[in-house]
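> 1 is the number of the first residue of the sequence shown in the numbering used here; add one for each residue after it.
Beta carbons are placed, not taken as given, at the ideal position from N, Cα and C, and that holds for glycine.
Encoded as structure tokens, here's the structure I'll be asking about.
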Amino acid sequence: MLKSTATTVISLLKQSLSVAFHHFHPLAGNISAPPSPAEPHIIYNKGDSVSLTIAESSTNIINLSGNHPRKVVNLYSLLLILPIPSMIDRTIRTIASSSSTIFG
């Protein structure tokens, strides 16, 4: 993909995700899952955000998509690595994260 095209697509993706999450702002927060019998609950603070990871891959997308057998090891690079929980309180987790891969 041309660099200018990729830049445009990434910019539009970030803008559209921003608009979408504006209507669902609790998804930008965290979920607290304290030990039982306490109930999990959402913690949202103004300014919380959803992380967006953009990756580039030189793998041929045909090898990763379609209805044919493929090596699972080739799919690992598409997995989203979630943020590490806070050392202060390991019961709090991010609710949503997003990732996109650009194939070149």
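Quick one: what does DSSP say Ala55 is sitting in, helix, strand or coil?
Reading the sequence shown from its first residue, position 55 is the one you call residue 55. Looking at Ala55 - three-state DSSP - the assignment turns out to be strand.
> What's the gap between the Cα of Leu17 and the Cα of Asn60?
Locating residue 17 in the sequence shown gives position 17, where the first residue counts as 1. Locating residue 60 in the sequence shown gives position 60, where the first residue counts as 1. Computed Cα separation, rounded: 26 Å.
> So for Asn30, helix, strand or coil by DSSP?
The residue given as residue 30 occupies position 30 in the sequence shown. If DSSP states are grouped into helix, strand and coil, Asn30 belongs with the strands.
> Can you say whether Gly29 is buried or exposed, counting buried as having 16 or more other CB atoms within 10 angstroms of its CB?
By 1-based counting over the sequence shown, the position of residue 29 is 29. That one is buried.
> With distance defined between alpha-carbon atoms, name the residue in Ser32, Ile43, Ile42, Ile54 nearest to Ser98.
Walking along the sequence shown from the start, residue 98 turns up at place 98. The shortest Cα separation from Ser98 among Ser32, Ile43, Ile42, Ile54 belongs to Ile54.
> Name the DSSP bridge partner or partners of Phe103?
For the purposes of this step, residue 103 is taken as the residue at position 103 of the sequence shown. Answer by DSSP bridge pairing, in chain order: Ser57.
> Helix or strand or just coil, what does DSSP make of His25?
Locating residue 25 in the sequence shown gives position 25, where the first residue counts as 1. His25: helix per DSSP, three-state reduction.
> With DSSP run on the structure shown, which of helix, strand or coil describes Ile95?
Start at 1 with the first residue of the sequence shown, and residue 95 comes out as number 95. Of the three classes helix, strand and coil, the one that applies to Ile95 here is coil, per DSSP.
> Indicate whether Ser57 and Thr101 have their beta-carbon atoms separated by less than 8 Å.
In the sequence shown, the residue the question calls residue 57 occupies position 57. In the sequence shown, the residue the question calls residue 101 occupies position 101. Yes; because the gap between Cβ atoms is below 8 Å, this pair is in contact.
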